[in-house]
Amino acid sequence: IFNRSETPPFLIEDKIDTAEEKRLHYRYLDLRRAPLQQTLMKRSRMNAVTRRTLEALKFLELETPFLVKYTPGGARNFLVPARLSPGKFYALAESPQLFKQLFMVAGFERYFQIVKCFRDEDLRLDRQPEFTQIDLEMSFVGQDDVFAVVEELVTALWREVLGVHIPKPFPRMRYEQSMREYGNDKPDLRFGLKHVELTTVVAEHNGAGVPMWQSFATVTPGQIVKTLKVPASANFSRTETDKLEEIAKGMGARGLARAKIGENGEWTQSPLAKTITAEARAAINAAAEAKPGDLLLFQFGKESTVHTVLANLRLYLGKRLGLIPEYGTSDPKQAESWRFLWVVDPPLLEYDDERKRWVAAHHAFTRPHDESIQYLETDPGRVLCYRYDLVLNGFEIGGGSIRLHDPAVQEKVFAAMGISKEEAEQKFGFLLQALRFGAPPHGGIALGMDRLAFLLTGAESLRDVIPFPKTQKGTDLMTDAPGDVDPQQLRELHIASTYKPPA
RNA sequence: GGGGUGUUAGUUAAGCUGGUUAUAACGCCGGCCUGUCACGCCGGAGGCCACGGGUUCGAGUCCCGUACACCCCGCCA
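Okay, so the first sequence: first residue is 268 according to this note's numbering, each after it adds one.
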């Protein structure tokens, strides 16, 4: 009776002053609280709007199996023992990816599903082991067609659930720019504090006179120097900058070199000040547009570490300086509070340092840009592809691609990844065979419904938009799952545990 | 696998540099109050200070380990 009303009958105190652990243990009581009631009502409406919008756009809602064959790559799967095939296992689907492509082969031109997915990876604030996606796939489309559908859907959600009109089309940014300016592929565009690239500046000044930077006198792939400028207005104390260093170290940094800019551009309070050449210092100040009183934070070394450290420092500073709230959206009724962004044109392949070969950055079935196919053999890192992520306020809320439907190009991609024909057939045979029967050009996307609800409602945690969420260790404190099973059940499945609890 | 924060009464928390009987609020129990509604007043019960070691004359407080919760890195669409 109350599930269509804005004000539920049990208006339990809004204030949360109970430990999360306790709340989860008595989740059914926690769910009586008005904020959670309203959140779940909004989520219900999001489901309804999604179905209505996609139905109007001629999408068919089709189901796919949860119990599937394990395929390598991507997320770790949950395994389910197959009683009728002793010794064998199903995997719980990490996404309907292959099946939705097969719908395209089968001639269903527009498919969607609001579907549970399962991934056996560690949890985060915005990650649960089972979660819900709005999954869709379309035939005879390019990237722009997928964007148009998603923008229609997302703006409908914000309009009909929040009453906010988000302008279309959403802005786009190339992956390369996102990494360069923000250090990750999900930039929060609500504030500045962009990273400043210094690798070439340092190389041009032959290491800038700084002993720690001698290895940067020449540019080495995968090794970079960057800085982040904290404006003078922040007026950080020594204790506060020390805190920044602690955070950086927590992200894997060796340290956090700093420099405070003096009246004439000189550097103080800095381990670099003694040795840096005046020319290099001026060039860095210019690159960072540093003014007296500003504080420069430096990171150098392995590109991925530099990016992780600076991307997280940027977020910390954004919150610390009050540029964005701790969580949620400062003014949810204003369209400007919602910074949607398409991140496009990422590389198809990335180099795996451990396995010493190129691997798919996402999956091997993404269509490369036609003009970069030529680099597949000669310069694999240069191959860009039709892969796209939808980002909102620093959270990735969806990702998809235009699929590779041409078997000839597919072969080249496998070759670039060092996957033999036999191996490919063994691992992905049914999809490759299906594509050989003739597949239309197709592509799609999956939107994280939990994250959409999390952001739309301004929730503090993904757990607040999931009725019965799991803890960081993947347990359910209410039902005490996962639990022990009867030995007889294991015998039926021909399973024995080798686990020995610590003494 | 790694880093960080936390764990004190039923609940939420305070307990600084180790020092007799570990505090408060709400809740609970008893008494009083016939117009209250976050009632008020008086009295009371309730704690292996998460668990296990260690340092010390002495540990809620310091050290080590474990468990649980949360945040992050790794991992992950």
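Quick reminder that beta carbons are idealized off the backbone N, C-alpha and C, glycines included.
- In the three-state scheme derived from DSSP, where H, G and I count as helix and E and B as strand, Q566 is classed as strand.
- The three-state reading of DSSP puts T487 in coil, since its state is none of H, G, I, E or B.
- With a cutoff of 8 angstroms on beta-carbon distance, F483 and L562 are scored as not near each other.
- Closest in C-alpha terms to F697, from the list P332, M308, T338 and R318, comes T338.
- Counting other Cβ atoms within 10 Å of its Cβ, H432 stays below 16 and is therefore classed as exposed.
- A check of alpha carbon separations from F375 across L392, L671 and E330 identifies E330 as the nearest.
- If you ignore the 5 residues before and after T494, its C-beta comes within less than 6 angstroms of the C-beta of V463, L465, A555, L563 and F565, all in its own chain and listed in chain order.
- Residue pairing for F370: DSSP places it in no beta bridge.
- Counting only runs that start and end inside the region 480-563, the beta strand (DSSP E) elements of at least 3 residues fall at 490-497 and 524-528.
- Only residues of its own chain outside the window of five on either side were considered, and among them A475, W480, F483 and V492 have a CB closer than 6 angstroms to the CB of V469, listed in chain order.
- Distances from the alpha-carbon of L303 to those of H472, L369 and P734 put P734 closest.
- Between K558 and A631, the CB-CB gap reaches or exceeds 8 angstroms.
- Going by DSSP, M440 is part of the beta strand (DSSP E) stretching over R439 to R441.
- Annotation: R310 is outside any beta strand (DSSP E); the continuous alpha helix (DSSP H) that includes it extends over A301 to A323.
- Taking 8 angstroms as the cut-off, the beta carbon of R439 is found no closer than this to the beta carbon of D387.
- V610 has M440 and D656 as its beta-bridge partners, per DSSP.
- Its chain contains A701 and A706 as the residues whose beta carbon lies nearer than 6 angstroms to that of V372, once the 5 sequence neighbours on both sides are disregarded; these appear in chain order.
- Secondary-structure assignment with DSSP links M684 through no beta bridge to anything.
- Rounded to the nearest angstrom, the Cβ distance from L729 to Q395 is 6 angstroms, consistent with a contact under 8 angstroms.
- Measuring C-alpha to C-alpha distances from G711 to each of T633, L456 and Q756 identifies T633 as the nearest.
- In this structure, DSSP gives R386 a state outside helix and strand, which the three-state scheme calls coil.
- For the pair K461 and E448, the CB atoms are nearer than the 8 angstroms cut-off.
- Between the region 588-595 and the region 410-425, the count of Cβ pairs shorter than 8 angstroms is below three; the stretches do not touch.
- At least 8 angstroms separates the beta-carbon of L511 from that of A524.
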